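For reference, the structure is listed below as structure tokens.
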Amino acid sequence: MRLSALLIPLVLSTPALAQSFNSAPTMECLNAAEPEGSREAGLCIGRSASACFETEGGGTTVGMADCLAAEVKLWDDLLNAAWTEAVAVAKAMDKDNKESSPNAPESEKSLREAQRAWISYRDATCRFEAERYFGGSVATLSASHCVMDLTALQAIRLRSMDRM
């Protein structure tokens, strides 16, 4: 069985022993940064997890894993909402483009292909990150951090699609 098949559901699940995770640090930063662009929004990644690490139990390996999993879930939820909006934008682009040219490319199809490729990229990249620390407790933390980073960056990119 592939590592990502085991790891990704673990990372995306709601932590059973959730620390004092609060999405506010990430969301407040994101809401303030997004009008300025995705570069500034990228600085928001990990804010809530970092704050969670400072809570009681948050600095242990299990606590850190729970904190990271909670922020991954936050970004995954944001990604899913952004995906719905991105598909709507792509459909509108297709409609507008078809009116001007029957041979226009299919943006929705391209978006779906890109998202599938991105998922494969994320899974392979984060599997590699875990393998770098094979056998150690850092493997899960490294993979979780990777999933958080890449999911957040994709969510930010998709959220900015209507401003492109």
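The sequence shown begins at 37 in our numbering and counts up one residue at a time.
Heads up, the beta-carbon is just placed ideally off N, CA and C, and yes, glycines get one too.
This one's a predicted model, so the numbers in the text were calculated from it and none came from an experiment.
Problem - Cβ pair S180, A105 closer than 8 Å - result: Your numbering for residue 180 matches position 144 in the sequence shown. Your numbering for residue 105 matches position 69 in the sequence shown. A105 sits close to S180, with the two beta carbons spaced by under 8 Å.
Practice task
Go through its chain and collect everything with a Cβ distance to S156's Cβ below 8 Å, but skip five positions before and after it.
Solution key: As a working mapping, residue 156 is identified with position 120 in the sequence shown. Cβ within range, chain order: n/a, list empty.
Practice task
Can you say whether S178 is buried or exposed, counting buried as having 16 or more other CB atoms within 10 angstroms of its CB?
Solution key: As a working note, residue 178 is residue 142 in the sequence shown. Classification for S178: buried.
Practice task
May I have the straight-line CA-CA distance separating T62 from S173, to the nearest angstrom?
Solution key: Working through the sequence shown from its first residue, we reach residue 62 at position 26. Working through the sequence shown from its first residue, we reach residue 173 at position 137. Cα to Cα, T62 sits roughly 26 Å from S173.
Practice task
Taking the CB atoms as reference points, tell me whether F89 and C80 lie closer together than 8 Å.
Solution key: What you label residue 89 is simply residue 53 of the sequence shown in a count that begins at 1. What you label residue 80 is simply residue 44 of the sequence shown in a count that begins at 1. Contact: no.
Problem - Cα-Cα separation between L115 and V125, rounded to whole angstroms - result: Residue mapping note: residue 115 aligns to position 79 of the sequence shown, counting from 1. Residue mapping note: residue 125 aligns to position 89 of the sequence shown, counting from 1. One C-alpha to the other measures close to 15 Å.
Practice task
Under 8 Å by Cβ, that's how I've got A118 and A191 pegged, so tell me the actual separation to the nearest angstrom.
Solution key: Taking the first residue of the sequence shown as position 1, residue 118 is located at position 82. Taking the first residue of the sequence shown as position 1, residue 191 is located at position 155. Between A118 and A191 the beta-carbon gap is near 5 Å, inside 8 Å, which marks them as a contact.
Practice task
Please state whether DSSP places S49 in a helix, a strand or coil.
Solution key: In the sequence shown, the residue the question calls residue 49 occupies position 13. Unreliable placement is indicated for S49, whose pLDDT of 45 sits below 50; the coordinate value is still reported in the next sentence. Three-state result, S49: coil.
Problem - Opening and closing residue of the alpha helix (DSSP H) in which P61 lies - result: Start at 1 with the first residue of the sequence shown, and residue 61 comes out as number 25. Secondary structure note for P61: its alpha helix (DSSP H) is the uninterrupted segment A60 to A69.
Practice task
Give, in chain order, every unbroken run of the alpha helix (DSSP H) that is at least 4 residues long and sits entirely within the stretch 83-142.
Solution key: Segments of the alpha helix (DSSP H) lying fully in the stretch 83-142: 83-89 and 97-136.
Practice task
Identify the continuous alpha helix (DSSP H) that holds S178 and give its terminal residues.
Solution key: Residue numbering aside, residue 178 sits at position 142 when the sequence shown is read from its first letter. Counting along the chain, S178 sits inside the alpha helix (DSSP H) bounded by residues V174 to R195.
Problem - Contact under 8 Å by Cβ, L147 with C162 - result: Counted from its first residue, the sequence shown places residue 147 at position 111. Counted from its first residue, the sequence shown places residue 162 at position 126. Inclusion of L147 and C162 in the CB contact set at 8 Å is not warranted, their separation being larger than that value.
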